[in-house]
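Student: Chains as they are written, first to last, in our numbering: chain Y, 76 to 335; chain B, 76 to 335; chain F, 76 to 335; chain S, 76 to 335; chain P, 76 to 335; chain V, 76 to 335. Below is one structure. I have some questions about it.
Protein chains: 6
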Amino acid sequence: MRLLIINPNISSAVTELIRTEALRSAGADTELVVETAPHGVEYIETRFESLIAAGAVAEVIAEHAGSVDGVVVAAFGDPGMPALKELVDVPVIGITEAALCAAALQGHRFSIIAISNRITAWYRECVENFGLAGRLASIRSINEALGGIGSVQEDFGPTLVALAQQAVAEDGADVIILAGAPLAGLAREVAAQIPVPVVDGIGAGVRLAEAVVGLASGSHRAGAFAAPPIKPRKGLSPALERALDIAQQPAAPTEGGERV
Amino acid sequence: MRLLIINPNISSAVTELIRTEALRSAGADTELVVETAPHGVEYIETRFESLIAAGAVAEVIAEHAGSVDGVVVAAFGDPGMPALKELVDVPVIGITEAALCAAALQGHRFSIIAISNRITAWYRECVENFGLAGRLASIRSINEALGGIGSVQEDFGPTLVALAQQAVAEDGADVIILAGAPLAGLAREVAAQIPVPVVDGIGAGVRLAEAVVGLASGSHRAGAFAAPPIKPRKGLSPALERALDIAQQPAAPTEGGERV
Amino acid sequence: MRLLIINPNISSAVTELIRTEALRSAGADTELVVETAPHGVEYIETRFESLIAAGAVAEVIAEHAGSVDGVVVAAFGDPGMPALKELVDVPVIGITEAALCAAALQGHRFSIIAISNRITAWYRECVENFGLAGRLASIRSINEALGGIGSVQEDFGPTLVALAQQAVAEDGADVIILAGAPLAGLAREVAAQIPVPVVDGIGAGVRLAEAVVGLASGSHRAGAFAAPPIKPRKGLSPALERALDIAQQPAAPTEGGERV
Amino acid sequence: MRLLIINPNISSAVTELIRTEALRSAGADTELVVETAPHGVEYIETRFESLIAAGAVAEVIAEHAGSVDGVVVAAFGDPGMPALKELVDVPVIGITEAALCAAALQGHRFSIIAISNRITAWYRECVENFGLAGRLASIRSINEALGGIGSVQEDFGPTLVALAQQAVAEDGADVIILAGAPLAGLAREVAAQIPVPVVDGIGAGVRLAEAVVGLASGSHRAGAFAAPPIKPRKGLSPALERALDIAQQPAAPTEGGERV
Amino acid sequence: MRLLIINPNISSAVTELIRTEALRSAGADTELVVETAPHGVEYIETRFESLIAAGAVAEVIAEHAGSVDGVVVAAFGDPGMPALKELVDVPVIGITEAALCAAALQGHRFSIIAISNRITAWYRECVENFGLAGRLASIRSINEALGGIGSVQEDFGPTLVALAQQAVAEDGADVIILAGAPLAGLAREVAAQIPVPVVDGIGAGVRLAEAVVGLASGSHRAGAFAAPPIKPRKGLSPALERALDIAQQPAAPTEGGERV
Amino acid sequence: MRLLIINPNISSAVTELIRTEALRSAGADTELVVETAPHGVEYIETRFESLIAAGAVAEVIAEHAGSVDGVVVAAFGDPGMPALKELVDVPVIGITEAALCAAALQGHRFSIIAISNRITAWYRECVENFGLAGRLASIRSINEALGGIGSVQEDFGPTLVALAQQAVAEDGADVIILAGAPLAGLAREVAAQIPVPVVDGIGAGVRLAEAVVGLASGSHRAGAFAAPPIKPRKGLSPALERALDIAQQPAAPTEGGERV
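Put into structure tokens, the structure is as follows:
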């Protein structure tokens with residue numbers, strides 16, 4: 076199985092954090108292609124930065140259309156979701172929705188630990204739009220200016236652990252989600268200090284993408300995620316043009332056997 | 076008051092429908108600037124087409140930043156909302172959210188009449204994300220291929236009226252929303268045939284934008300819609316670069332007097 | 076356009092606050108008729124006081140039926156809504172629902188600042204019943220006895236500003252609603268001190284009523300807001316009797332042209 | 076125990092139906108005082124008619140304040156609820172909320188059978204406002220003009236049974252609520268024809284009022300249902316004036332022993 | 076009327092508390108059969124302990140099938156609900172759902188006072204699953220180790236009162252529910268200290284069961300609570316076998332007259 | 076990784092369907108232990124049958140406590156969830172919650188195809204309790220008596236496909252869930268006939284359990300899923316006694332490295 080992992084931020088330091096955790100999480104048979112958004116911002120904190128990133132992610136997906144079995148969008152907040160699921164004929168999964176599912180399967184209520192206060196509004200809307208707001212115990216966040224986006228774990232490790240402990244003790248969290256690609260890998264480091272399961276977004280993204288790709292559930296040949304009718308368009312990138320052309324070809328019906 | 080009205084679709088025929096209805100709806104003191112998306116698709120029917128459109132709309136807004144008092148995004152489904160509200164320091168309002176408010180103020184439950192079955196899933200999510208799904212009686216749609224996007228009203232007038240009548244009689248709609256810029260102006264034509272208030276998206280967008288701009292409620296200088304911290308970025312269009320530069324300057328505190 | 080603005084409280088001091096802000100908010104072509112409830116209490120704080128007020132408001136509306144283009148019910152909590160929308164064939168809009176729409180169009184989550192703790196339960200139910208509880212960040216209130224209902228702004232100005240600032244900083248409010256007719260006009264005074272848009276109930280009521288009346292969406296000739304079947308009644312005020320008689324005549328179908 | 080049962084409609088024929096069923100339902104130790112609204116309409120079908128009725132009901136309650144142990148508001152749709160619970164220091168219970176509780180305790184989802192299509196919108200809002208909309212399977216109604224409000228059972232018996240059977244078979248209702256005082260007593264007649272529990276509004280109102288009065292839970296001396304601060308008022312009926320005077324006296328703390 | 080009251084915990088001290096309050100609450104004509112779970116734990120605090128208890132309760136119900144008119148499951152959290160409603164042809168009511176209804180009929184928002192922090196998660200899910208989470212103001216709990224389950228009232232009386240007072244003052248509770256069979260009878264003792272109605276779970280269970288049994292609404296002969304199709308089974312207790320055999324006989328249609 | 080797969084029904088024919096699909100779905104490194112409930116019914120269709128099954132499943136889990144890395148409860152409707160997650164220190168996952176997550180990651184709205192009409196009420200509550208009811212497009216079911224539980228696929232193949240096609244065309248399903256262990260493996264057979272992704276419950280259960288176990292998120296040492304305080308108990312099976320003894324030992328803190 077070949078998974079495309081996309082960092083929607085332009086920070087290559089974060090891409091390396093993602094790559095390291097993704098490699099640790101992936102199964103033996105999973106090949107990873109890790110890409111960084113070609114344009115955008117260093118770290119997405121707002122809905123608008125997410126919108127800009129979504130366009131960049133779409134282009135990366137389009138470039139790889141046909142050569143990967145699944146896609147992981149590796150920024151918490153899931154830029155471009157669920158729209159990007161329409162673009163290609165393989166599962167496209169955000170790390171937030173993956174982490175929400177991983178948390179929901181391990182307890183009833185979960186809390187999200189975020190690296191900036193500003194980002195929490197967008198995260199909350201993301202949980203609401205996915206439909207699991209009823210199980211959100213709280214979102215807690217660092218409330219100080221970050222040094223560098225690549226060193227958040229080192230700079231704020233004890234703060235992040237304390238936030239998680241407070242979420243368990245005061246907010247009733249059964250599971251903790253450490254949110255954001257800059258925290259990739261931290262869950263392993265701090266699990267012993269947090270008395271409930273701790274979900275890493277990147278780990279969840281990779282593992283649940285493997286699971287869903289492995290299910291080979293078939294493609295969208297009708298309904299709201301199928302290719303739209305062919306229609307005039309202009310000004311799109313060549314990769315997007317090509318991806319839409321591919322999407323608008325009738326998808327081959329899924330075979331009865333295993334696909335992946 | 077100067078309002079920027081943006082057609083997120085690339086169809087200039089639809090832009091003309093929008094312009095005509097916007098001019099009929101606007102107050103005497105309102106100056107309209109009507110623009111068409113520079114790139115995208117002829118008619119947005121899916122979440123992904125909406126995502127593409129949102130990027131194009133952002134660029135148009137960025138180009139006009141500083142020279143308009145408010146913005147109306149004139150495609151039902153509200154491409155880019157609520158992210159685009161972060162971009163500039165004036166109200167940015169989608170015609171869907173405007174129509175939902177106009178409907179909610181005139182009855183309890185409303186139905187949306189759409190021009191394609193494919194588009195209804197996206198519309199439903201838009202209503203859910205705005206938070207008024209509890210008041211949605213139904214979404215009904217034309218279920219045939221469209222001839223041309225500029226002639227939907229002529230081609231399907233009686234069908235659209237019949238759908239609205241069914242929504243009232245069978246779904247309990249207190250108000251009808253005729254959705255989509257291609258239907259701009261139709262509400263006036265068919266109001267006598269539909270026994271409840273009929274809301275036109277473009278009319279609602281213009282009128283409610285005028286109302287909100289007129290309130291001069293002040294700008295977002297803190298919270299989730301304020302400018303994000305300054306951070307490295309790359310590959311954005313010059314207009315977006317400039318808009319983000321402007322956004323990141325501390326907004327002047329609102330004056331106590333009237334602004335508009 | 077001729078708008079009837081009704082103070083559901085019997086306090087003429089509050090009526091003057093309403094009148095002043097309504098005049099500042101209204102468009103040049105809008106004529107205002109401002110009335111005070113003929114019976115009821117000095118200031119509505121509870122569901123039961125609201126019920127009493129609703130009956131008084133109904134009588135005022137009935138007296139003006141046929142001579143105004145729209146009605147604004149100018150007490151936060153919207154006494155009599157949505158029932159009063161059934162009474163006449165023009166838009167009847169409460170300042171709460173107007174403020175909720177104005178806030179929802181300018182951000183995602185909003186907080187309401189109220190003048191008494193007692194009143195907040197009723198306000199919360201009002202938001203829930205309108206359907207936007209999912210976007211309510213918080214309701215904060217003055218927690219001291221009021222001096223006079225006409226001098227709340229002077230007596231508690233800094234307290235109200237502090238409550239709004241806390242709602243932004245601690246509750247995640249993107250928009251502040253200053254609730255209650257006794258606060259009419261305060262938003263203009265304090266906007267510079269509150270770092271997010273601040274919505275004035277009276278201003279929102281007038282502006283959104285102008286917008287909705289201007290849309291000329293048509294009347295309710297079927298459905299839950301149309302006139303009920305004619306049936307025996309007794310003991311109603313002459314004005315209500317007349318209003319129900321008018322309501323029970325078949326409404327003229329809306330013309331295709333502009334109505335207002 | 077002394078219960079006041081109020082018909083919010085002016086129809087004495089319906090009052091007799093209510094009285095008959097209430098007497099059959101009430102316990103041996105329960106004394107019933109049955110009253111008819113002194114003004115209003117023959118049969119409430121709309122939110123506005125309900126608002127008018129609520130005022131009349133308030134006056135009846137006020138007249139009996141101090142001499143009864145509980146009140147049942149005997150029109151489906153619960154005119155004046157929850158406001159009327161503030162008025163006096165004993166339980167005031169609507170037959171809708173009582174029927175919803177009786178149904179919710181006997182199954183998971185319930186359907187409401189109503190006597191006019193027009194009335195269903197108001198009923199739906201009543202269920203939503205009580206908070207149990209998630210358990211509403213459907214509302215089905217007679218869709219023909221009624222002969223007389225006192226003879227609905229005779230005129231439409233088989234239709235009502237058929238609607239209930241459809242609600243079970245097609246909508247998944249576990250329990251049927253026969254809504255509206257004009258159907259008082261019908262549940263007993265048709266129970267054998269409907270294969271799930273059938274709840275009579277009047278019966279539920281009386282039985283659950285007995286249960287709640289019997290609990291002697293104590294009065295509201297603080298919070299949103301306690302008496303509001305004393306304030307100027309004018310134009311209220313003498314009974315309401317007296318009831319508000321009583322309400323504004325500090326309630327005696329509940330004794331530790333049985334009250335009723 | 077003969078009611079079976081089951082303590083799902085194995086503690087006979089708690090059974091005595093239940094019996095005492097049930098006897099005080101029950102009507103003169105109600106005969107009570109009080110039973111203790113034959114196996115399980117001393118005090119249910121978790122979902123799993125509740126699951127174990129539900130099986131034990133099912134066996135007790137099965138043993139009494141045919142000889143009682145209704146059943147009260149007397150542990151807060153309602154072990155086995157709503158499944159146990161399927162088992163026999165008479166109302167089976169949990170004290171939580173009864174208390175929620177009793178509270179909802181006496182105010183708008185209620186708080187639950189619990190005897191352990193651990194138990195609150197399960198209680199919250201119970202309220203959510205019943206469908207009234209929208210009216211839950213808060214759950215507050217003792218946060219110390221309990222001495223003995225039979226002496227919680229004596230050991231923590233002032234703490235429990237203080238928690239209730241905080242729920243009223245800080246959380247906006249209109250009604251307090253004292254949760255858990257170990258608190259049976261406490262509501263009467265402390266009502267004078269708590270300024271809103273206080274609901275006792277056992278009292279509510281008995282009174283509302285009497286009310287629902289008295290309604291004689293009829294049995295489930297179709298739908299989700301009727302007997303399932305006959306099918307092979309093995310390893311069940313003789314009492315359960317017998318109860319399922321009885322359940323699978325076609326229920327006699329309810330008579331038109333009174334049943335109880 | 077060693078997964079325990081439990082058929083909560085007593086039917087060994089269904090256990091074989093489960094085993095076959097589980098083996099096809101499981102990764103190369105996953106060892107499966109497949110067990111059948113020692114007591115209960117042939118096929119669970121109701122809440123009460125589910126309750127009986129949950130007790131049997133608990134005993135099977137308890138017997139294997141300490142020797143498996145995760146548990147899959149292989150009946151749609153998730154008997155015993157979420158209670159069973161408390162019992163042991165490894166992930167316990169129901170096939171319904173797994174299928175809901177697999178569906179939610181592949182589209183927005185999903186429909187469930189069930190093998191009996193009776194079973195749909197329980198399924199609906201299961202979706203509601205998991206928190207994803209907002210994404211449920213519909214539940215459709217076979218409406219005929221089943222021949223044998225082991226031959227549903229052969230007996231009703233075309234019916235099941237037609238139900239799925241209707242859910243896509245009429246209900247707006249983006250993803251189809253074929254519900255129930257008796258349908259294990261069918262998704263592979265019919266994927267070509269259904270134009271959207273089709274999720275198999277057993278496949279989803281195995282794949283998502285592998286993913287969650289692989290995440291090694293850590294155990295519940297605090298919060299609502301941790302072991303309850305030690306307390307007297309009686310009458311439990313030896314396996315449950317032992318499992319509770321194990322659970323009540325302080326869990327070893329999770330290591331920082333990989334666990335599985």
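Built from N, CA and C at the ideal position, the CB exists for glycine as well. Values in this document were obtained by computation on a predicted structure and should not be read as measured data.
Does chain B have any CB closer than 8 Å to the CB of F:Gln241?
Tutor: With 8 Å as the cut-off, F:Gln241 does not count as an interface residue toward chain B.
Student: What are the residues of the region 180-194 of chain V that lie near chain P, defined by any Cβ-Cβ distance shorter than 7 Å?
Tutor: Residues passing the 7 Å Cβ filter: Arg193.
Student: Whole angstroms are fine: how far does the CA of Y:Glu285 sit from the CA of B:Pro304?
Tutor: Cα to Cα, the separation comes out at about 36 Å.
Student: Give me, in chain order, the residues of the same chain whose beta-carbon lies closer than 7 Å to that of Y:Ala133; leave out the 5 immediate sequence neighbours on both sides.
Tutor: Here the set comprises Gly155, Leu159, Leu162 and Leu315.
Student: How many angstroms separate the CA atom of S:Thr329 from the CA atom of P:Ala267?
Tutor: Its pLDDT being 49, under 50, S:Thr329 is placed unreliably by the model, and the measurement read from it follows with that caveat. Going from the Cα of S:Thr329 to the Cα of P:Ala267 covers about 5 Å.
Student: With a threshold of 7 Å, establish whether the CB of V:Leu159 neighbours any heavy atom of the ligand FAD.
Tutor: Although the ligand FAD was asked about, the structure shown includes no ligands whatsoever.
Student: Would you mind telling me which residues of chain B sit closer than 7 Å to F:Phe300, beta carbon to beta carbon, in chain order?
Tutor: Correct list: Gly182 and Asp249.
Student: In the region 154-179 of chain Y, which residues sit with their C-beta less than 8 Å from some C-beta in chain V, listed in chain order?
Tutor: If the cut-off is 8 Å between Cβ atoms, the region 154-179 of chain Y has Pro157, Lys160, Pro166, Ile168, Glu172, Ala173, Cys176, Ala177 and Ala179 near chain V.
Student: Which residues, in chain order, does the region 195-222 of chain Y contribute to contact with chain F at a C-beta distance below 9 Å?
Tutor: Answer set for the region 195-222 of chain Y: Thr195, Ala196, Arg199, Glu200, Glu203 and Ala208.
Student: So within the region 191-244 of chain Y, which uninterrupted alpha helix (DSSP H) runs reach at least 4 residues, ignoring any that extend past its ends?
Tutor: Taking only runs of at least 4 residues, the alpha helix (DSSP H) segments lying wholly in the region 191-244 of chain Y are 195-205.
Student: Please list, in chain order, all residues of the same chain as B:Glu110 whose beta carbon is under 6 Å from its beta carbon, the five residues on each side excluded.
Tutor: If we look at B:Glu110 and ignore the five residues flanking it on each side, its Cβ neighbours are Ile81 and Val135.
Student: Give the interface partners of B:Leu64 over in chain F, defined as CB-CB distance under 8 Å, in chain order.
Tutor: No answer is possible for residue 64 of chain B: the residues shown for chain B start at 76 and end at 335.
Student: Of the choices F:Pro83, F:Ile93, F:Asp164 and F:Ala103, whose alpha-carbon is the least far from that of B:Val271?
Tutor: That would be F:Asp164, whose Cα lies nearest to the Cα of B:Val271.
Student: Using a Cβ-Cβ cutoff of less than 7 Å, which residues in the same chain neighbour P:Val250 once the five nearest sequence positions on both sides are dropped?
Tutor: Excluding sequence neighbours, P:Val250 sits near Ala178, Gln181, Gly182, Phe185, Val271, Pro272 and Val274.
Student: Rounded to a whole number of angstroms, what is the C-alpha to C-alpha distance between Y:Pro83 and S:Ala174?
Tutor: In a straight line, the C-alpha of Y:Pro83 is about 54 Å away from that of S:Ala174.
Student: So, helix, strand or coil for V:Phe185, using DSSP?
Tutor: DSSP places V:Phe185 in strand when its eight states are reduced to three.
Student: Between the C-alpha atoms of Y:Ser87 and F:Glu219, what's the straight-line distance to the nearest angstrom?
Tutor: Each residue's alpha carbon lies about 55 Å from the other.
Student: Give me the chain B residues within the contact set of F:Pro270, using Cβ-Cβ distance strictly less than 9 Å, ordered along the chain.
Tutor: The answer, in chain order, is Gly293, Ser294, His295, Arg296, Ala297, Gly298, Ala301, Ala326 and Pro328.
Student: Buried or exposed for S:Gly222, please, with buried defined as at least 16 other CB atoms from any protein chain shown within 10 angstroms of its CB.
Tutor: By the neighbour-count rule (16 or more Cβ atoms within 10 Å), S:Gly222 is not buried but exposed.
Student: F:Leu98 by DSSP, collapsed to three states: which one?
Tutor: Helix.
Student: Assuming contact is defined by CB atoms lying nearer than 8 Å, are F:Ile58 and F:Gly141 in contact in what I supplied?
Tutor: Outside the shown range of chain F (76 to 335) lies residue 58 of chain F, about which nothing can therefore be said.
Student: Which residue comes first and which comes last in the beta strand (DSSP E) that contains S:Ile80?
Tutor: Arg77 to Asn82 is the span of the beta strand (DSSP E), which, as asked, contains S:Ile80.
Student: How far does the beta strand (DSSP E) with F:Val165 in it extend, from its first residue to its last?
Tutor: From DSSP, F:Val165 is part of no beta strand (DSSP E); its letter is neither H nor E.
Student: Going by other Cβ atoms of all chains shown within 10 Å of its Cβ, with 16 needed for buried, is F:Asp104 buried or exposed?
Tutor: By the 10 Å Cβ count, F:Asp104 comes out exposed.
Student: Pull up the CB-CB distance for S:Gly130 and F:Gly130, whole angstroms please, since I reckon it's below 8 Å.
Tutor: At roughly 5 Å, the Cβ-Cβ gap stays under 8 Å, so S:Gly130 and F:Gly130 are in contact.
Student: Below 8 Å between beta carbons is the criterion; list the residues of the region 113-139 of chain S that meet it against any residue of chain F, in chain order.
Tutor: Hits within the stretch, in order: Pro113, His114, Gly115, Val116, Glu117, Tyr118, Glu120, Thr121, Arg122, Phe123, Glu124, Ser125, Leu126, Ile127, Ala129, Gly130, Ala131 and Ala133.
Student: Taking C-alpha atoms, which residue in V:Phe300, V:Ala137, V:Thr95 and V:Ala128 lies nearest to V:Ser312?
Tutor: Nearest C-alpha to V:Ser312: V:Ala137.
Student: Our contact map puts B:Ala242 next to B:Ala212 with C-beta atoms below 8 Å; I'd like the distance itself, whole angstroms only.
Tutor: That belief holds up - the Cβ atoms of B:Ala242 and B:Ala212 are roughly 6 Å apart, short of 8 Å.
Student: In whole angstroms, what is the alpha-carbon distance linking S:Glu143 and S:Leu283?
Tutor: In the sequence under discussion, the amino acid at residue 143 of chain S is Val, which differs from the Glu named in the question. In a straight line, the C-alpha of S:Val143 is about 16 Å away from that of S:Leu283.
Student: Between B:Thr195 and V:Pro157, what straight-line distance do the alpha-carbon atoms span, to the nearest angstrom?
Tutor: If I take the Cα positions, the gap works out to 35 Å.
Student: Along the chain, where does the alpha helix (DSSP H) that runs through B:Glu138 open and close?
Tutor: Segment Arg122 to His139, the alpha helix (DSSP H) holding B:Glu138.
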